[in-house]
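Peer 1:
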Amino acid sequence: MTLSEKIIALIRNSFDTLLYFAVMAVKEDFRDRVSRSGAGITPRGKVAVLGNGPALNEELPRLLHPLLAAERDFMAVNYFAEDDHFEQLRPSYYVLSDPMFFRQSIYRERVMKLYELLDRKVSWPMTLYVQHYNPEGFDYRAVLPNPRIRIVSFHSQMYRGFRNVEFWLFRHGLGSANFGTVVQNGIYVALLLGYKEVELYGVDHTLLDGLTVDSSNRLCRVVSHYYDDRPAELKPIFRNVPHTPYTMSVYLGELAELFRGHEVLRDYAASVGAQIINRTRHSMIDAYCRRPLE
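Per this note's numbering, numbering of the sequence shown is gapless, rising by one per residue and ending at 589.
Below is the structure:
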């Protein structure tokens, strides 16, 4: 890097740092609720983060084996509570980060059904982690009166500046792993809680499979989740909130940020003496150690 490039990088990173703290002061705050939620709790040593990918269909029956289940804590995301295995697995943690879970959208009916299931099914202590940023003032406690569910918020404002500052923010619970998927927020929460081994299941990330543009210039993809009871089908890709179609440039840009985020989390985990292990066979993530569950 030349001297001029170093100066430009210094100016840009300094501006991004000042902007981040200004936005945090106005939009969120500077409290580390996640680390505090784990005070007095001794992690089992490893935690299994369960993604939404179709690979979870193969992995979940193995994870339910008593010997495997006894060795790890579990973290579920999104619509996992709809699955019949939810009450068998009894995850200690649940993470929701997509705006559709706290903002008005065309998915509100299904979202409210999810909250009803969580409120009715959870009969064990479980912590639900949600985004602190809540512009519409969605009341999680109103839809989840179940006293066994503790609700804790994490920060969602991204920092793009000096790497040492970024990791300092991560360690103090002020960072955000909101790189594009709820799994990344789950990884960050697990690291803040003190887990030294974070396993990933159902994180196929095959987000380029079947990508095409139809005759109406709509970006389409074959979409499949482990909880889907219908065959995978080709359909247009929309953002959840607001419900607008993706363009190729926006979609690929978000994918690039998502996979970059996994590299950031890998490096951050190493800096705190932890390791992220990708247990998902055929996963497209190339940042982590790959060790499929045998």
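Each residue gets a CB set at the ideal place from its N, CA and C atoms; glycine is no exception.
Answer with yes or no whether the minimum CB distance from GLY456 to chain C is below 8 Å.
Peer 2: Looking at the structure shown, chain C is missing, and only one protein chain is on hand.
Peer 1: If we ignore side chains and look at the alpha-carbon of each, how far apart do GLY348 and MET296 end up?
Peer 2: Roughly 40 Å between the two C-alpha positions.
Peer 1: Excluding the 5 residues preceding and the 5 following ASN429 in the sequence, name in chain order all residues of the same chain whose CB lies nearer than 7 Å to its CB.
Peer 2: These residues qualify, in order along the chain: PHE397.
Peer 1: Can you give the beta carbon distance from MET370 to GLY481, rounded, assuming they're within the 8 Å contact cut?
Peer 2: Their Cβ separation, rounded to whole angstroms, is 5 Å, which keeps MET370 and GLY481 in contact under 8 Å.
Peer 1: Check SER566 in the structure and name its three-state DSSP category.
Peer 2: Here SER566 sits in helix by DSSP.
Peer 1: For PHE375, collect the residues of the same chain with a Cβ closer than 7 Å to its Cβ; drop the 5 residues on either side in sequence, then sort them by chain order.
Peer 2: Closer than 7 Å at Cβ, skipping near neighbours: LEU345 and PHE381.
Peer 1: Verify whether the separation of the beta carbon atoms of SER510 and ARG328 is less than 8 Å.
Peer 2: Contact flag unset, no.
Peer 1: Are the CB atoms of TYR496 and ARG574 nearer to each other than 8 Å?
Peer 2: The answer is yes: Cβ separation under 8 Å.
Peer 1: So, under 8 Å CB-CB, ARG513 and GLY505 are touching, yes? Tell me the CB distance rounded to an integer number of Å.
Peer 2: In fact, because the Cβ distance is near 14 Å, the residues do not count as touching under 8 Å.
Peer 1: How far does the beta strand (DSSP E) with ASP368 in it reach, from first residue to last?
Peer 2: Segment 368 to 372, the beta strand (DSSP E) holding ASP368.
Peer 1: Evaluate the contact criterion for the segment 439 to 446 versus the segment 412 to 427: three or more CB pairs, one atom per stretch, below 8 Å.
Peer 2: A contact exists between the segment 439 to 446 and the segment 412 to 427.
Peer 1: Output needed for GLY568: all residues of its chain with C-beta closer than 7 Å, excluding positions within five of it in sequence on either side, in chain order.
Peer 2: LYS491.
Peer 1: Should PRO537 be labelled buried (16 or more other beta-carbon atoms within 10 Å of its own) or exposed?
Peer 2: With fewer than 16 Cβ atoms within 10 Å of its Cβ, PRO537 is classed as exposed.
Peer 1: Give the C-beta separation of TYR454 and GLY470 to the nearest angstrom, bearing in mind that I take them to be a contact with Cβ-Cβ under 8 Å.
Peer 2: That belief holds up - the Cβ atoms of TYR454 and GLY470 are roughly 6 Å apart, short of 8 Å.
Peer 1: Given this structure, state the Cα-to-Cα distance separating VAL508 from THR539, to the nearest angstrom.
Peer 2: Their backbone Cα atoms lie some 16 Å apart in a straight line.
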